[in-house]
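> My questions all concern the structure below.
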Amino acid sequence: MSKKGPIILVDDDGDDQEIMIRVLEELKVPNKLLIFNDCGAALLYLRKTDEQPFLIICDINIPGQNGIEFKTEIDEDPQLRDKSVPFIFFSTSASQPVVDIAYKKLTVQGFFKKPENFPEVKRLINRVVEYWSDCKHPNSF
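Counting in the numbering used here, the sequence shown runs from 6 upward without gaps.
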């Protein structure tokens, strides 16, 4: 993780992408936002880039490889694990079984149900960004 690195958004919903763009603009988050419609493209980027992303925000329900499968691949790849990029799920799917898998089988740093209105999305994303901006990280020394 690099506090100046890009924020990676993996979400196939164009409306949710637009909301995230607007939220980050209104919060004046300086990090570049990279949007991926599918997990395969995001995984390819993470494997090839020299950038240290600040944060990965991922939906669960994505056609093809879903968010759980995407995070599993990250966890099983030593190079990607060493990047230690904070990974949060941000999804309308927040059932007990899915949350259990995220925390008990994967190494996620948060699981958030997408709020239904813009002010709540903004409040939540602000808290997430502030938290990770204040955290110490193994790649920040």
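For each residue, glycine too, the CB sits at the ideal point set by N, CA and C.
All of these numbers come straight from a predicted model, not from anything done at the bench.
Looking only at C-alpha atoms, which of 27, 67, 60 sits nearest to residue 88?
60
> Considering residue 138, what are the terminal residues of the alpha helix (DSSP H) in which it resides?
Where residue 138 is concerned, the enclosing alpha helix (DSSP H) stretches over 123-139.
> Indicate whether the contact test is met: 3 or more Cβ pairs, each with one atom in the region 37-47 and one in the region 113-132, closer than 8 Å.
no
> For residue 18, which residues of its own chain have a beta-carbon under 8 Å away from its beta-carbon, when the five flanking residues on both sides are left out?
64
> Contact check, residue 11 vs residue 53 under 8 Å by CB: the rounded distance?
Residue 11 to residue 53, Cβ: 14 Å. No contact.
> Of the residues 27, 67, 84, which one's Cα is nearest the Cα of residue 55?
Of the listed residues, the one whose Cα sits closest to residue 55 is 84.
> Less than 8 Å between the C-beta atoms of residue 116 and residue 126, yes or no?
Not in contact: residue 116 and residue 126 (Cβ atoms no closer than 8 Å).
> Tell me, please, which residues DSSP counts as bridged to residue 63.
In the DSSP output, where bridge partners are listed per residue, residue 63 has 15, 94.
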